[in-house]
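Quick note on the numbering used here: the sequence shown kicks off at 9 and runs consecutively.
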Amino acid sequence: MARDKCVTGIKELDIQMDGGIPVGSTVLIVGSSGSGKTTLCMQFLVNGAKMGEKGVFFTITEPLFKLMANLEKFEFFDKSLVDNGMITIIDLRIIFERMGLDVEKYTVEDASALLDVIKDIAKELDAKRLVIDSITALCYRLQNREMIRDFIFKLGTFLAAMECTTFLTSEVPPREFKFSQYGIEEFISDGIIFLGDIERGGDLIRTLQIVKMRGVNHSRAKYAMSITSRGIELAPLLKVV
Numbered sequence: 009m010a011r012d013k014c015v016t017g018i019k020e021l022d023i024q025m026d027g028g029i030p031v032g033s034t035v036l037i038v039g040s041s042g043s044g045k046t047t048l049c050m051q052f053l054v055n056g057a058k059m060g061e062k063g064v065f066f067t068i069t070e071p072l073f074k075l076m077a078n079l080e081k082f083e084f085f086d087k088s089l090v091d092n093g094m095i096t097i098i099d100l101r102i103i104f105e106r107m108g109l110d111v112e113k114y115t116v117e118d119a120s121a122l123l124d125v126i127k128d129i130a131k132e133l134d135a136k137r138l139v140i141d142s143i144t145a146l147c148y149r150l151q152n153r154e155m156i157r158d159f160i161f162k163l164g165t166f167l168a169a170m171e172c173t174t175f176l177t178s179e180v181p182p183r184e185f186k187f188s189q190y191g192i193e194e195f196i197s198d199g200i201i202f203l204g205d206i207e208r209g210g211d212l213i214r215t216l217q218i219v220k221m222r223g224v225n226h227s228r229a230k231y232a233m234s235i236t237s238r239g240i241e242l243a244p245l246l247k248v249v
């Protein structure tokens with residue numbers, strides 16, 4: 009039996025995925041700094057809110073005032089959706105402080121307690137869409153690779169038990185075709201969307217490619233991606249012969 013689809017609201021992206029992402033999936037949004045990960049994630053939440061689905065954006069990468077200032081530049085962003093509670097934006101650093109935890113360094117137990125808080129918030133708000141920006145920054149604060157591995161697998165179990173469709177952002181070095189910083193994140197994900205770039209005539213062209221999407225007959229082609237005042241826009245990438 010086919011699962012219901014979660015529509016991103018980005019027309020060209022939904023077409024590539026035969027209508028959308030299976031509801032309840034965890035999708036890794038991969039790219040280097042400035043590749044458009046946060047914009048894609050927020051557009052996903054805003055479009056969902058406009059369709060009546062509540063969303064939560066958890067950030068640990070930038071202050072809320074800076075995030076909001078950047079979002080207000082886009083035509084797709086509607087601040088009233090934040091004001092009326094359809095979208096909730098939460099700084100995880102504030103959560104850490106309220107839990108009495110060290111923001112810069114913590115244990116797997118601390119991180120697991122944070123996951124419980126995230127779960128409670130999502131449940132209380134009846135969220136259908138969830139963004140964690142970023143898994144890389146969360147793991148960076150753990151003290152060794154074994155802790156990182158344990159936490160990522162706990163995160164995977166935690167997300168699988170929720171009914172939210174979740175976007176996790178993953179930071180990778182520029183010009184490298186890899187999906188995660190630690191080599192583990194992709195194994196807990198149902199889907200991977202890679203944001204990269206290619207050089208054409210001395211110019212760098214942003215690209216988007218769906219590498220993996222479980223349960224979906226999706227395109228694997230690279231698409232040219234633009235970030236305009238309207239948000240993420242995609243077009244076929246012309247092949248160079």
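We treat Cβ as the ideally placed atom computed from N, Cα and C, and that holds for glycine.
- Note on geometry: alpha-carbon atoms of R208 and L246 lie some 10 Å from one another.
- For the set T46, M94, K87, the Cα lying nearest the Cα of V64 is the one of M94.
- With 16 or more other Cβ atoms inside 10 Å of its own Cβ, G204 counts as buried.
- Counted as a single uninterrupted DSSP element, the alpha helix (DSSP H) harbouring E117 occupies residues 116 to 133.
- Counting only the Cα atoms, L146 lies some 31 Å from K19.
- For Y231, same chain residues with a beta-carbon under 6 Å away, outside a window of 5 residues either side, are L216, L242, L245 in chain order.
- Nearest C-alpha to D99 among V111, A229, F84, V54: V111.
- Between the alpha carbons of C49 and V180 lies a gap of roughly 17 Å.
- Between T177 and T69, the gap from beta carbon to beta carbon is short of 9 Å.
- In chain order, I218, M221, V224, H226 place their CB closer than 7 Å to the CB of M25, counting only its own chain and leaving out the 5 sequence neighbours on each side.
- Taking 9 Å as the cut-off, the Cβ atoms of F66 and I126 count as close.
- When the Cα atoms are used, D134 and L163 turn out to be separated by approximately 19 Å.
- Here I240 is buried. Its C-beta has 16 or more other C-beta atoms within 10 Å.
- A Cβ-Cβ distance of about 7 Å is found for the pair M107 and A121, placing them in contact under the 8 Å criterion.
- The Cβ-Cβ distance between I102 and L75 does not fall below 9 Å.
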